[in-house]
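Written below as structure tokens is the structure these notes are about.
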Amino acid sequence: MRQSHQLPLVGLLLFSLIPSQLCEICEVSEENYIRLKPLLNTMNQSKYTRGTSSSANVLLSLQLVGIQNQNLKQKLIQQIKYTVKMRLSQVSSGELALIILALGACRNPDENLIYDYHLIDKLENKFQAEIENMEAHNGNPLTNYYQLSLDVLALCLFNGTYSTTKVVNYFTPENKNYYFGSQFSVDTGAMAVLALTCVKRSLINGQVKTDESNLKNISIYIKSLVEKILSEKKENGLVGNTFSTGEAMQALFVSSDYYHENDWNCQQTLNTVLTEISQGAFSTPTAAAQVLPALMGKTFLDVNKDSSCVSAAGNFSNSTHEPVTVTTPGSQSSISVNYSVTINETYSANVTVPNGSVFLDVMEKAQKMNDTIFGFTMEERSWGPYITSVQGLWASNNDRTYWELLSGGIPLSQGVGSYVVHDGENLEVRWSKY
0 MRQSHQLPLV GLLLFSLIPS QLCEICEVSE ENYIRLKPLL NTMNQSKYTR
50 GTSSSANVLL SLQLVGIQNQ NLKQKLIQQI KYTVKMRLSQ VSSGELALII
100 LALGACRNPD ENLIYDYHLI DKLENKFQAE IENMEAHNGN PLTNYYQLSL
150 DVLALCLFNG TYSTTKVVNY FTPENKNYYF GSQFSVDTGA MAVLALTCVK
200 RSLINGQVKT DESNLKNISI YIKSLVEKIL SEKKENGLVG NTFSTGEAMQ
250 ALFVSSDYYH ENDWNCQQTL NTVLTEISQG AFSTPTAAAQ VLPALMGKTF
300 LDVNKDSSCV SAAGNFSNST HEPVTVTTPG SQSSISVNYS VTINETYSAN
350 VTVPNGSVFL DVMEKAQKMN DTIFGFTMEE RSWGPYITSV QGLWASNNDR
400 TYWELLSGGI PLSQGVGSYV VHDGENLEVR WSKY
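Residue numbers (numbering that gives the first Met the number 0): 0 to 433.
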């Protein structure tokens, strides 16, 4: 625990750049809670809630919005406990940050794991390793800036040690790590806004001592990132894409003094997300967990280990049921797609899979057909399975290379484990740089 310091008095000009802490929030009304049931059903599917990040994301969401599903919570906590006790060294910095946020979201007995296993100290070490990798490899972290933002957020909320100066140095809005190629990453920018807002509040409250210019720069960074997030707003209200909108809403909730009221119609965004839910958009536990807090007017900055755990109003906390799969009369039992791997040349095959299959099913079927051409490896990450190699060619954060998923030549916004493929579709995994 760091010693508390009183921040020196700064000039009126500086404070004119620092917005108040008031938030502009819209949320689902109690009578519309029923429209959120598909999210709860998805989060409750234990056979798909796998991987440390997925478990931590779902638990954090349940704690923030007050869902009293004790069976699911205990299952998630047991998965997290196993990770903490048996394989913590294999966990990335962002995964560990999520574990800390989930266990300490509110006052509960399981938060003791954070201190019994010195998770804050271990996160400090992992965050430092990220910084050292950036210094040695042209500014590229071991993971990505989304995870670095989670690191800073967790260290800030749980009084861990971090360098405010290094945060200022590395979180400049024009940093290449906010971008995927030329495209600004809304969810990365949004998580950075949450982290920087936490750091700013700690500086203003006198919890951390720093140079006055750092406080000014952090406020400027937040404003710039918010402008970038809003520039990705679509006509229907989504921000970035369907899956980045929940985190964008959180960032905009805590930064309403950095933009004008007419810059963002929160209610329109909320209504569009509810429509997306009804159409089955959030089909993985992580996707459901990451959008739910914003719909309930919550943000990750509501994590508070010293506050009592809340309980959702009405019948929202009732036990959920497995979703019912509806089969359209006359629908095909199997479909055929064209699947390609592109490195320097393209390798293709026609693949038949059951109707309703996801991209990963196609890759697994192709691998069985020809392991030399279509062989691949994957690992579980926060959004589900992530392709790490194809034909033995590995993705690399240091080289900024990855395996891009495309349909009809257009990059997909969903992951390999969640994108549902269609009959006659042209699917591709392409060796790419970002």
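Even for Gly, the Cβ is constructed at its ideal location relative to N, Cα and C. Computed from a prediction, not measured in an experiment: that's the story for all the values here.
The ligand ZN heavy atom lying under 6 Å from the CB of residue i
i      : result
Gly383 : Looking for the ligand ZN in the displayed structure turns up nothing, as the structure carries no ligands at all.
Beta-carbon gap between residue i and residue j smaller than 7 Å
i      : j      : result
Tyr338 : Ile372 : no
Ser310 : Cys105 : no
Thr171 : Thr209 : no
Phe183 : Lys227 : yes
Glu427 : Thr351 : no
Leu112 : Val83  : yes
Pro37  : Ile276 : yes
Val290 : Glu231 : no
Asn132 : Leu122 : no
Phe179 : Asp150 : no
Lys304 : Glu26  : no
Cβ neighbours of residue i in the same chain (closer than 8 Å, five flanking residues each side left out)
i      : result
Ile24  : Phe252, Cys265 and Gly296
Gly407 : Glu424 and Asn425
Thr187 : Asn143, Tyr144, Tyr145, Ser148, Asn176 and Tyr177
Leu202 : Leu6, Thr163, Thr209, Asn213, Leu214 and Ile217
Ile221 : Val192, Leu195, Thr196, Lys199, Ser254 and Tyr257
Cys308 : Gln62, Gly65, Ala104, Cys105, Arg106 and Asn107
Asn270 : Gly236
Val361 : Val336, Tyr338, Val350, Val352, Val420 and Leu426
Same chain, Cβ closer than 7 Å to residue i, neighbours up to 5 away in sequence not counted
i      : result
Thr387 : Thr376, Met377, Glu378, Trp393 and Ala394
Ser343 : Contrary to the premise, residue 343 reads as Asn rather than Ser in this sequence. So the list is empty, once near-sequence residues are dropped.
Leu224 : Pro172, Gly188, Ala191 and Val192
Asn349 : Ser335 and Asn337
Phe358 : Leu404, Val415, Tyr418, Val420 and Leu426
Ser399 : For the record, residue 399 in the displayed sequence is Arg; it is not Ser. Excluding residues within five positions, the ones whose Cβ falls inside 7 Å are Asn139, Lys432 and Tyr433.
Pick from the options that is closest to residue i, judged by C-alpha positions
i      : options                           : result
Ser92  : Ala135, Gly103, Tyr145 and Asp262 : Tyr145
Val166 : Asn204, Ile130 and Tyr178         : Ile130
Leu404 : Asn354, Asn396 and Gln413         : Gln413
Gln44  : Ile409, Ala288, Leu147 and Asn396 : Ala288
Ser333 : Thr341, Ser356 and Ala348         : Ser356
Met85  : His421, Lys432, Asp370 and Thr51  : Thr51
Ala384 : Leu229, Glu363, Ala128 and Ser181 : Here residue 384 is Pro; the residue named in the question, Ala, does not match the sequence. The shortest Cα separation from Pro384 among Leu229, Glu363, Ala128 and Ser181 belongs to Glu363.
Tyr161 : Ile119, Gly391, Gly180 and Ala55  : Ile119
Ser54  : Ile98, Lys36 and Gly138           : Ile98
Trp402 : Gln69, Arg429, Lys367 and Ala365  : Arg429
Leu229 : Gly205, Lys121 and Trp263         : Trp263
Arg434 : Val272, Val151 and Asn124         : This structure cannot speak to residue 434, because the chain is shown only from 0 to 433.
Leu95  : Arg380, Val207, Met368 and Asn396 : Arg380
Asn396 : Gln390, Asn369 and Ser431         : Ser431
Tyr169 : Asn31, Tyr116 and Glu134          : Glu134
Leu152 : Val302, Val90, Asp360 and Tyr32   : Val302
Asn124 : His136, Gly391, Val90 and Asn137  : Val90
Asn137 : His117, Asn174 and Tyr114         : Asn174
Leu300 : Leu59, Glu30, Glu29 and Ser181    : Leu59
Gly391 : Tyr116, Ser88 and Asp370          : Asp370
Asn31  : Thr274, Asn354 and Lys367         : Thr274
Close beta carbons around residue i, own chain, < 6 Å, minus the five adjacent residues each side
i      : result
Ala293 : Gly245, Met248 and Gln249
Thr319 : The predicted model places Thr319 with a pLDDT of 45, which falls under 50 and marks its position as unreliable; any figure quoted below should be read in that light. Hits under 6 Å: Leu39, Asn40 and Asn43.
Asp422 : Ile334
Thr268 : Gly236
Ser243 : Val185 and Asp186
Ala365 : Tyr338, Ala348, Val350 and Phe373
Thr324 : At Thr324, the pLDDT of 42 sits below 50, so the modelled position is not reliable and the matter cannot be decided from this model.
Leu71  : Asn43
Gln69  : none
Opposing strand residues paired with residue i [DSSP bridges]
i      : result
Gly383 : Arg380
Ser243 : Partner(s): none; Ser243 has no beta bridge.
Lys222 : DSSP, once it has assigned bridges, lists no residue as partnering Lys222.
Ala348 : Tyr338
Lys232 : Val238
Pro353 : Ser333
Ile409 : Ser406
Lys432 : Thr400
Val389 : Phe375 and Leu392
Phe183 : Tyr178
Is the region 141 to 157 touching the region 192 to 211 in the sense that three or more CB pairs, one from each, lie closer than 8 Å? yes
Quick check: the region 278 to 288 against the region 231 to 239, are there 3 or more CB pairs under 8 Å? no
Cβ contact check for the region 99 to 114 and the region 73 to 81: 3 or more pairs under 8 Å: yes
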